[in-house]
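730 is the number that our numbering gives to position 361 of the sequence shown; each next residue is one higher, with no gaps.
Backbone N, C-alpha and C fix where the C-beta goes; we use that ideal spot for every residue, glycine too.
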Amino acid sequence: MEIKTLLKASVAVGALLAVAAPVDAVAGGKVSAGNSKVDMTIAGRVHRSIHYIDDGTHDAVFHGAGISSNSEMWVTGSGKLTESVTMGGYLRWDIAKNDASHSFGSTTGAAATADTEDTAQHKYEYIYFKHASAGTLSIGAIEPGADGTIDTHYGSFAGDHNAYLSGTDITTTGGAFSGTEAASLAGKVDPGLDSNRIRYDSASFSGFSLHGDVEYGGGGSVGVKYSGTVAGLTVAVAAGYEADGGGSDIQGGSIKVKHGSGIHLAVNYGEQDVENSTADPEWLRVVGGYNAKMNSLGNTNISLYYSKTDDQTTKGNEGEAIGIGIGQKLDAVGGNIQLDYMTFDFSDAASTDYQDIDVLLLETSFNF
Numbered sequence: 370m371e372i373k374t375l376l377k378a379s380v381a382v383g384a385l386l387a388v389a390a391p392v393d394a395v396a397g398g399k400v401s402a403g404n405s406k407v408d409m410t411i412a413g414r415v416h417r418s419i420h421y422i423d424d425g426t427h428d429a430v431f432h433g434a435g436i437s438s439n440s441e442m443w444v445t446g447s448g449k450l451t452e453s454v455t456m457g458g459y460l461r462w463d464i465a466k467n468d469a470s471h472s473f474g475s476t477t478g479a480a481a482t483a484d485t486e487d488t489a490q491h492k493y494e495y496i497y498f499k500h501a502s503a504g505t506l507s508i509g510a511i512e513p514g515a516d517g518t519i520d521t522h523y524g525s526f527a528g529d530h531n532a533y534l535s536g537t538d539i540t541t542t543g544g545a546f547s548g549t550e551a552a553s554l555a556g557k558v559d560p561g562l563d564s565n566r567i568r569y570d571s572a573s574f575s576g577f578s579l580h581g582d583v584e585y586g587g588g589g590s591v592g593v594k595y596s597g598t599v600a601g602l603t604v605a606v607a608a609g610y611e612a613d614g615g616g617s618d619i620q621g622g623s624i625k626v627k628h629g630s631g632i633h634l635a636v637n638y639g640e641q642d643v644e645n646s647t648a649d650p651e652w653l654r655v656v657g658g659y660n661a662k663m664n665s666l667g668n669t670n671i672s673l674y675y676s677k678t679d680d681q682t683t684k685g686n687e688g689e690a691i692g693i694g695i696g697q698k699l700d701a702v703g704g705n706i707q708l709d710y711m712t713f714d715f716s717d718a719a720s721t722d723y724q725d726i727d728v729l730l731l732e733t734s735f736n737f
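Encoded structure:
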């Protein structure tokens, strides 16, 4: 990493440490539901980031929305339908992301930012029926049953490795743009929100739970999870499969282990079978680290990250990422500060001589 990257890292570290002073909690107000028979909550989250990107030829510091998630608002409500059944509703929507896409242009190499959404849009909208012992039935726009079976870990990072790359194109060793966007070589395999569905989540039995859904228009998914304590270690194991009804199937699993001392390790693996394509992406990630309370603000999670994607969009494409993340919880206000460094390496079947991309990110999130 060049000296300019080190200097920018020092500034970001200083910004992280500068907040390590006691913070007084602020009491919130009460919101009443229009229906007195239900309990209602209104909440939200704002993400902001300072994002440094060096593509080997160009570098710049960008300001914009966070990369771990959109800024969001949500409303929940629930009430007792019977003694053993709770009925509820969940509305959640993304706020339009301000200056969230970062790039160096396609011709001049000048730093540029752009909004990624023009307007707010819904994210989740569903009704659920939760039985005290028989599980939960949900109807609407909700994550698939296989969600969380492939990408889970105990580490602290702002996002998946392709999210750090934003809209950046890869450059060649001569400094020219390759015409290939970095995120098209470094991706992730994981079931996501793409359809309305009917979903069922079982209650936990001896640490095991079953999750499944049927999508509108065809397809569905299933996930199996286990969590418990084995030989003094907290262990979580999961496996999932999703068929989207359009010829693309996803399968994979994860295992994560945490010791009482705060040491943790996780392995994620996913693969996608794409109909009528020679590119069937495979994704592997390993995350390990140490999570403990090191100051009065809350837990500090220091994590190491390795991720590799093969055949993301084209057979022979490969994207590899190595990084370190430091997450600082802000317990007094329910927020978080995240400082990450990632370096990316790319290759393709034509042996194009791509330059590496270095990313330094300082992200702050505030919940209310």
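Rank the options by C-alpha distance to the C-alpha of residue i and give the top, closest one.
i           : options               : result
residue 536 : 692, 515, 474 and 572 : 474
residue 710 : 701, 671, 684 and 736 : 671
residue 564 : 454, 510 and 641      : 510
residue 598 : 591, 642 and 606      : 606
residue 683 : 719, 703, 692 and 425 : 719
residue 480 : 524, 522 and 430      : 430
residue 407 : 461, 634 and 448      : 448
residue 403 : 413, 417 and 444      : 444
residue 558 : 622, 460, 568 and 602 : 622
residue 677 : 665, 713 and 582      : 713
residue 700 : 439, 734, 427 and 416 : 734
residue 533 : 736, 737, 707 and 722 : 707
residue 608 : 411, 650 and 624      : 624
residue 633 : 436, 409 and 523      : 523
residue 705 : 418, 454 and 472      : 418
residue 427 : 687, 546, 652 and 575 : 546
residue 628 : 646, 617 and 661      : 661
residue 722 : 697, 650, 549 and 673 : 549
residue 731 : 411, 421, 618 and 512 : 421
residue 499 : 455, 736 and 529      : 455
residue 442 : 572, 651, 492 and 470 : 492
residue 572 : 503, 542, 669 and 521 : 503
Count the other C-beta atoms from every protein chain shown that fall within 10 angstroms of the C-beta of residue i, then say buried if there are 16 or more, exposed otherwise.
i           : result
residue 611 : buried
residue 452 : exposed
residue 482 : buried
residue 680 : buried
residue 726 : buried
residue 689 : buried
residue 450 : exposed
residue 477 : exposed
residue 459 : buried
residue 432 : exposed
residue 588 : buried
residue 601 : exposed
residue 585 : exposed
residue 635 : buried
residue 692 : buried
Tell me which residue opens and which closes the alpha helix (DSSP H) that residue i is part of.
i           : result
residue 530 : 530 to 534
Could you give the residue range of the beta strand (DSSP E) that holds residue i?
i           : result
residue 451 : Looking at the DSSP string, residue 451 is not in any beta strand (DSSP E), and its letter there is neither H nor E.
residue 674 : 667 to 679
residue 641 : 632 to 643
residue 715 : 704 to 716
residue 472 : 470 to 472
residue 542 : No beta strand (DSSP E) contains residue 542, which DSSP labels as neither H nor E.
residue 605 : 602 to 612
residue 721 : Premise fails: residue 721 is in no beta strand (DSSP E) and is neither H nor E.
residue 428 : 428 to 434
residue 565 : 565 to 570
residue 591 : 589 to 599
Does DSSP put residue i in a helix, in a strand, or in coil?
i           : result
residue 617 : strand
residue 402 : coil
residue 418 : strand
residue 553 : helix
residue 577 : strand
residue 736 : strand
residue 526 : coil
residue 686 : coil
residue 481 : strand
residue 411 : strand
residue 647 : coil
residue 629 : coil
residue 661 : strand
residue 561 : coil
residue 425 : coil
residue 623 : strand
residue 586 : coil
residue 463 : strand
residue 538 : strand
Check whether the Cβ of residue i sits closer than 8 Å to any heavy atom of the ligand ATP, and report yes or no.
i           : result
residue 549 : This structure lacks the ligand ATP; in fact it carries no ligand of any kind.
Using a Cβ-Cβ distance under 9 Å, would residue i count as near chain E?
i           : result
residue 535 : Judged by its chain identifiers, the structure shown contains no chain E, having just a single protein chain.
- Continuous beta strand (DSSP E) assignments of at least 3 residues falling wholly in the region 484 to 521: 490 to 500 and 504 to 510
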